[in-house]
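To keep things clear, I will list the structure first and then write my remarks on it.
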Amino acid sequence: MKIQPSPSKDIDAYIAEFPNEIADLLREIRITIAKTAPAAEEKISYRIPTFTLKGNLVHFAAFKNHIGFYPGSSGIAKFKEALSSYETAKGTVRFPFDRPIPFDLIAAIVNFRVKENLDMFDAKRKK
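All residue numbers for the sequence shown refer to the working numbering, where the first residue is 1441 and numbers rise by one.
Spelled out as structure tokens, the structure:
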């Protein structure tokens, strides 16, 4: 499998770069995010799939042995306990291919990030 896909102009093209098994997981993550944040917009940013809603919401990407999910440091901190069995860093979590992807957890994190982004946007408008 390609570790780093070619630069893609959209998420469909990004996903198409991967073998079917990985592409199916990426599609399911995309669907999970889109259902949880229907007002969010899709784009490629930092060469990976990105959802935005009043700013960056979440990113995701496939690598050799895992899917990286990037909800930012606040998303990782808020769900620290639920993510404790996964490898995390400041703003990322790695979901290894040898374990089921926790789509419900992804949805919960996205829901948190939607509220966070909207609250920050409203606070800025009130200033």
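All C-beta atoms, glycine included, are put in the ideal place defined by N, C-alpha and C.
As the structure is a prediction and not an experimental result, all values here were calculated from the model.
Nonlocal neighbours in the same chain, by C-beta distance under 7 angstroms from residue i, ignoring five residues either side
| i | result |
| --- | --- |
| Asn-1551 | Thr-1476 |
| Arg-1467 | Ile-1455 |
| Tyr-1526 | Val-1533, Arg-1534, Phe-1535 |
| Thr-1528 | Ile-1516 |
Nearest-angstrom Cβ-Cβ length linking residue i and residue j, presumed shorter than 8 angstroms
| i | j | result |
| --- | --- | --- |
| Ala-1547 | Thr-1472 | 5 angstroms |
| Thr-1532 | Phe-1509 | 7 angstroms |
| Glu-1482 | Ile-1451 | 5 angstroms |
| Arg-1534 | His-1506 | 4 angstroms |
| Ile-1488 | Lys-1449 | Rounded, the Cβ-Cβ distance is 13 angstroms, inconsistent with contact. |
C-alpha gap between residue i and residue j, whole angstroms
| i | j | result |
| --- | --- | --- |
| Ala-1522 | Leu-1497 | 19 angstroms |
| Leu-1493 | Ile-1549 | 14 angstroms |
| Met-1560 | Glu-1457 | 35 angstroms |
| Asn-1460 | Asp-1538 | 16 angstroms |
| Ala-1501 | Lys-1555 | 23 angstroms |
| Lys-1518 | Ala-1563 | 20 angstroms |
| Lys-1520 | Pro-1447 | 32 angstroms |
| Leu-1545 | Ala-1474 | 14 angstroms |
| Pro-1478 | Ala-1453 | 21 angstroms |
Bridge partner(s) assigned by DSSP for residue i
| i | result |
| --- | --- |
| Ile-1498 | Looking at the sequence shown, residue 1498 is not Ile but Val. The partner list for Val-1498 (beta bridge, DSSP) reads Phe-1491. |
| Ile-1541 | Answer is none; Ile-1541 lacks a bridge partner. |
| Glu-1527 | Arg-1534 |
| Ile-1507 | Ala-1502, Phe-1535 |
| Glu-1482 | Phe-1491 |
Any C-beta of chain D under 9 angstroms from that of residue i
| i | result |
| --- | --- |
| Asp-1452 | Looking at the structure shown, chain D is missing, and only one protein chain is on hand. |
Nonlocal neighbours in the same chain, by C-beta distance under 8 angstroms from residue i, ignoring five residues either side
| i | result |
| --- | --- |
| Lys-1530 | Ser-1513, Ile-1516 |
| Phe-1543 | Glu-1468, Ile-1469, Thr-1472 |
| Gly-1570 | Look at the range of the chain in this structure, 1441 to 1567, and you will see that residue 1570 is not part of it. |
| Tyr-1486 | His-1499 |
| Ile-1541 | Leu-1465, Glu-1468, Ile-1469, Ile-1507, Phe-1535 |
| Ser-1524 | none |
Own chain residues within Cβ distance below 6 angstroms of residue i, not counting five before or after
| i | result |
| --- | --- |
| Ala-1463 | Ile-1455 |
| Pro-1511 | Val-1498, Ile-1549, Arg-1553 |
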